[in-house]
Amino acid sequence: MAISEFNSPFKYKTNRSNAFRWVASHALHHWPIFLVAIIGAMGNAALASIPALQYGIVFENLTSGNPLPSIFLRAGAMVGISQIIRGFMQFFRNFGFEVTAQRIERDVRDEFYISLLGKSMTFHSLQSIGDLMARATNDIREVNYIFSPGLNMVLGSINFLFIPLGIGASIHPALLLTPVLFIVFYFVAIVHFLRILEPVTREVRSTFGTLNSRLAEDIDGVETVKAASQEQAEINRFKKNSQAFRDANVKQGDIEARFIPLLLLALAMGFGLLHALILYRQGAIPLSSVISYFSGLAMLGFPTNTSIRSYSQISLGIAGARRLLSTMNSENNLDQNEFGHGAIIQGKVNFENVSFAYDGKNLNLQELTFEVYPGQTVAIVGQTGSGKTSLVRLINRTYDPLTGSVKIDGLDLREWKLDSLRGQISIIEQDIFLFSKSVAKNIAFGKPNATQDEIVLAAQKAQADRFINELPDGYETVIGERGTTISGGQRQRLALARAFLTDPKILILDDSTSAIDSKTEDEIQQAIKLASEGRTTFIITHRLSQIRWADLIIVMRKGRISAIGTHDQLMQTSKSYRNIFAEAKE
Amino acid sequence: MGFHQGLTGELYDRQYSNKILLSRIWDYAKRHRKFIFWMTFSIILHGLFAALPPLLISKVLDEGIAGIPNEMAYTVLVAGVIFLQVMDFVFYYVIRRLMSRITANMNRDLSIDAFASSIEQDLAFHDRLSSGRIVSRITTDTNDFSMLIRLTMDVAGSIVQSVVTAIILFNAEWRLALVLIAFIPIVMLVVSRFRKLARRVTTKGMRAMANVNATIKETISGISVAKNFRQEEEIYRDFKASNTTSFKVNVQRGFVLSIVFPVMRTISGISIAVLVYFGALSVTQGLITAGAWYMVLLASDRFLMPILSVTSYWTQVQTGLSAAERIFALIDSDHSVIQSQNLKVDSITGKIDFNHLSFNYATGGKVLDNFDLHIAPGESIAIVGHTGAGKSSIARLISRFYEFQEGELLIDDIDIRKFDLPALRRNMGIVTQVPFLFDGTVEENIRFAAPNISREEITQLANQIGNGEWLETFSNGLDTQVGERGAHISMGQRQLVALMRVLAHKPAIFILDEATASIDPFTEYQIQQALGLILQHSTSILIAHRLSTVRSADRILVIDHGSIIEEGSHQGLLEQGGHYAELYNTYFRHQSLKYVEEAGQILGKELSGKTTA
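Chains A and B, in that order, are what the protein sequence lines are.
Each residue of the first sequence is one higher than the last, beginning at 1 in this note's numbering.
Each residue of the second sequence is one higher than the last, beginning at 587 in this note's numbering.
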């Protein structure tokens, strides 16, 4: 197994071989509270049977011809006290499962997160953040539900199924017949029910998804819908989707209506009573036992009326656990190469006949060959999907090429120590991520011990100092999702400041912002100029000014280099390049 | 868990009176009159069937006590019990089937009306209510409302059962029945206490959870960046703090919710204990039979549990009614754009006239004041000005998305208020600042406003833009799936598709609110080509952010504070050195080639270049 990039061991060992074992290993870790919950469940069920038995005792006494109020009192007290204790038991059961569930949720999320941190940048650039978040929130929540209400209800139900067995057995063995038959048919019915319900609930979810997403699109784009006079068409579509959703719901309702266990309960109670009465008439059991038995059968009401959802919840939870495990168990492809070459990068970059495919088969990049000297600024241009981003990700070894070689300072990247590479190459992504912290902390992210002076200097070089001072709290202003909003151009300059502090030898900038006004444009030009001084810089850019003055321009088209050279060279050789500079002459 | 929802739901302020609300609800319900009748019938019978078995059982027991039971009566009674139980199920089945139809149908009808109403509303409405809230009303609120219907049926059934049981109990021994009734206020008191406690814990929890969830989201989204800067330890610390807080908050909430049922159980248990004792005493005093005593015990459970669901019902009614109100408020909203006639036009020339027009949005001050503008058919106008000067309003008034307050707006010399709006808009092509695409193929999107255009015609049009090269950048050409809102393609590609839509449509009037986002220069070139083609055929109003767009127009209008202050050609206006020149310097200068060349100085390059091949 590859060494992961972040090593902070999780608190305890878990079994990641399959979903069941994994969840179980977490549960076992919390065995004390889990045990309390189970004891509560059993206690709850056991004490629930007391009233049934007491009824029998009282009834017997009442009909014995010598009724003793002291017996009634004792029985009443027994019922009262047992039910009070039962209340506590039930609480232990509920709260016990709840705490177990919450602890497991917390621990699973912790384990999941640590595992994510340990994965390579390769892994992270391939993941959709939305997916990861869905795993970390929804799937983990589903694992929580396995225990509460899931197991809580299911174990509780199973305990209650045993009560009439116990009571019946204590009275007369033949009385086991009804409860046993009930249990058997009950489980058969539940399994069958779940099986036919599952595709229908999926259909409900999917018809709703269709309905909702088109609805959201229509309302969001109402201007376009109205502009194209498509209101009636969209209403008709909504009617259709609505009908489909309605039909799925009715189908689900019809299945839920046929909830056989309810019928089974009705029959069990009826025939159980009949059976007990027959035995009574044969003189095999006293009438009071009929009462105890019948009240015992009534306990079957709890498992029958427990929401069928508890069973689904457990299976949904295991499915969620499986998804989590598959993310956690996915391999790291890159090795750290701890004993590789580590040195200060000069900045010469070579691509030698490089090809690359995300999935290892379908080429995203082909036949890339070029050479960049230390300190040069390279502009990479091209339309979407041309491969610009993939190209730069090969430079900091987020990915490895399929064929060919990427070299820095004459040495293939795979010979370098990964840590050394990462520490000296900085990428500023297209979607700049800033944390919900102060401006200063964001700038200092890569160098936490930076002094305030260093931070301000970096901000000045990035042409950000001026606008930072205009923010409500200056450098201490909290930004990010829950803080002050800043514009795209400002984010970019903060990211540049962040990069300045870490002083990389190779800088990769995915410059996708546009300046609305010329003043900001000047500032961004200046910031990029300062940023690219003294280091090899790759800029994915749309700005004509960056392209025009770059030391080397690479034009990408469909994964290949369609043109490469200086501005003057390209103006001679490439028609499409000439086109973009041909616009509106003054 | 419905019961817990009932505990923690919020209370809303309501505007519609209960009477009006209920009559509106009945409007929708009465379409299913027959269903409702059979439902009511079934609910009553179901309640009866559920409540009667204890009565029969007590008779059986009494016969048994008497010694030698009358065979016939005995068998009939037992058979009766079984029959009642089975009928209980049968009616449960019938009720559930009817209920799912009624609720699903009402849900569907309400949401269709709410949607139709929303989509036909003007933009002033959509400004007031964010799209998220509208969608939530159409789906979540209609769902909450149909839940209410279901709940009402359930509660009605519970009430019937409790009432019948009460009657039986009172009939048997009124004193014992009173003991049971005495427990009701205790139960209700406990439930209302819980509701307060639960709501407090939940509200506190929700606030904490909002923060926690945001942090968890952030720490996950930021992993890449953290790794980039090798700050994994730090980000883990942030995550762990949030995770721990989440745990604490949830446990607190879980504690409160875990207590509810056990407490109910205990109260119920104590009531049973009391009944056991006093009931038995009553038997010894000859007030009731032993069988009846047992019946009281059996019945008490069927009595108290339904009371429980009734008590949590009230909050849920409030939630449901508030939901219904929000939906009706949506449906009832006034339109601000009202047409006086329904003049249908097949084609127009595209002559536009603003005469002394004044306009302001509902929220703010005057946007256009005594505004005059005359556009000839086929002319192309570029509108420039600072943000908030009134540029977009001009376009939106022509599209009749908003109503103006004074003056007149004429299209082809006809008052715009006289047109049938869908017919008028079919003669307009509008591209908004963030071009909007639907989840479908490129071809389907292009066809959106011109449903009858063929694939060949589309391909022909596509080839007029730089030899159709732009199509090759899509993964599957015309059949590429663009994703929701065009998410699977780039910004530039979205703009191209939106412009192609207009090209296919060939409207008499073209309105473009130009996007400001940055696009690669190759796509930029293609977009300019597409624009050029459109400008040849339509009267065009361009709210321009690109220098090339401004320069391609016949006439440039400079707007400031709702009036036209300068007018003319690009060169002419620059030479004037007025407002246009200032705007140019601020917004357009950096787009010019001159600037690109001068940038070399900023970047410290000499013209001889530092390049090495």
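All residues carry an ideal CB built from backbone N, CA and C; glycine is no exception.
For the stretch 407-414 of chain A against the stretch 340-349 of chain A, are there 3 or more C-beta pairs whose distance is under 8 Å?
-> yes
Distance CB(residue 384 of chain A)-CB(residue 1076 of chain B) smaller than 7 Å | yes
Could you tell me which residues DSSP puts in a beta bridge with residue 939 of chain B?
-> B:960 and B:996
Outcome for residue 12 of chain A when other beta-carbon atoms lying within 10 angstroms are tallied against a minimum of 16 | exposed
Looking at the C-beta of residue 674 of chain B, does it have a partner C-beta in chain A at a distance below 7 Å?
-> yes
Kindly list, in the order they appear in chain A, the residues whose Cβ is closer than 7 Å to that of residue 1059 of chain B.
-> 383, 384 and 385
Using the DSSP secondary-structure output, state which residues sit across from residue 1015 of chain B in a beta bridge.
-> B:1096
Which word fits residue 339 of chain A, buried or exposed, when buried means at least 16 other C-beta atoms lie within 10 angstroms of its C-beta?
-> exposed
6 Å Cβ shell around residue 598 of chain B - same chain, five flanking residues per side excluded | With a pLDDT of 48 at residue 598 of chain B, under the threshold of 50, the predicted position of this residue should be treated as unreliable, and no value is reported.
Would you report the Cα separation of residue 262 of chain A and residue 210 of chain A, rounded to the nearest angstrom?
-> 34 Å
Can you find a C-beta in chain A that's less than 7 Å from the C-beta of residue 840 of chain B?
-> yes
Just grab the DSSP bridge partners of residue 1005 of chain B for me.
-> B:929
For residue 762 of chain B, which of B:715, B:867, B:777 and B:778 has the nearest alpha-carbon?
-> B:867
At least one CB of chain A closer than 7 Å to the CB of residue 622 of chain B: is that the case?
-> no
What does residue 350 of chain A touch in chain B if you count any residue whose Cβ is under 9 Å from its own?
-> Here the premise fails: no neighbours, minimum Cβ distance about 14 Å.
Jot down the residue ranges of each uninterrupted beta strand (DSSP E) in the stretch 449-534 of chain A, minimum 3 residues, whole runs only, in chain order.
-> 506-511
So, are the CB atoms of residue 1005 of chain B and residue 929 of chain B less than 7 Å apart?
-> yes
Segments of 3+ residues assigned as beta strand (DSSP E) that fall wholly inside the stretch 820-877 of chain B = none
Boundaries (first-last residue) of the beta strand (DSSP E) holding residue 1146 of chain B = 1141-1146
7 Å Cβ cut-off: residues of chain A touching residue 1176 of chain B = 515, 518 and 521
State buried or exposed for residue 1037 of chain B, treating a residue as buried only when at least 16 other CB atoms are found within 10 Å of its CB.
-> exposed
Could you tell me which chain A residues have their CB closer than 7 Å to the CB of residue 803 of chain B, listed as they occur along the chain?
-> 133
Report back the beta-carbon spacing between residue 511 of chain A and residue 539 of chain A to the nearest angstrom; my notes put them in contact at under 8 Å.
-> 6 Å
What residue does the alpha helix (DSSP H) around residue 152 of chain A start on, and which one ends it?
-> 152-171
Mind checking whether residue 152 of chain A and residue 97 of chain A have CB atoms under 7 Å apart?
-> yes
Residue 1055 of chain B to residue 1049 of chain B span [Cα, whole Å] = 8 Å
Below 7 Å CB to CB, which residues in the same chain sit around residue 587 of chain B once its five sequence neighbours on both sides are set aside?
-> Summary for residue 587 of chain B: the model assigns pLDDT 34, below 50, so the residue's position carries little reliability, and this model does not support an answer.
Got a sec: which bits of the stretch 741-764 of chain B sit with their beta carbon under 7 Å from any beta carbon on chain A, in order along the chain?
-> none
Got a sec? Which residues, its chain only, sit under 7 Å from residue 1087 of chain B by beta carbon, not counting five neighbours each side?
-> 1031, 1032, 1034 and 1035
Any idea if residue 473 of chain A is buried or exposed, counting beta-carbon neighbours within 10 angstroms, 16 or more meaning buried?
-> exposed
Between residue 574 of chain A and residue 992 of chain B, what straight-line distance do the alpha-carbon atoms span, to the nearest angstrom?
-> 55 Å
Using a Cβ-Cβ distance under 7 Å, would residue 671 of chain B count as near chain A?
-> yes
What is the DSSP secondary structure of residue 313 of chain A, reduced to helix, strand or coil?
-> helix
At which residues does the alpha helix (DSSP H) containing residue 979 of chain B begin and terminate?
-> 977-984
Buried/exposed call for residue 595 of chain B, threshold 16 Cβ in 10 Å | With a pLDDT of 44 at residue 595 of chain B, under the threshold of 50, the predicted position of this residue should be treated as unreliable, though the coordinate-derived value follows. Residue 595 of chain B is buried by the Cβ-count criterion.
Can you pull the chain B residues whose beta carbon is under 8 Å from the beta carbon of residue 415 of chain A, in chain order?
-> Those within 8 Å of residue 415 of chain A in chain B number zero; the least Cβ separation is about 21 Å.
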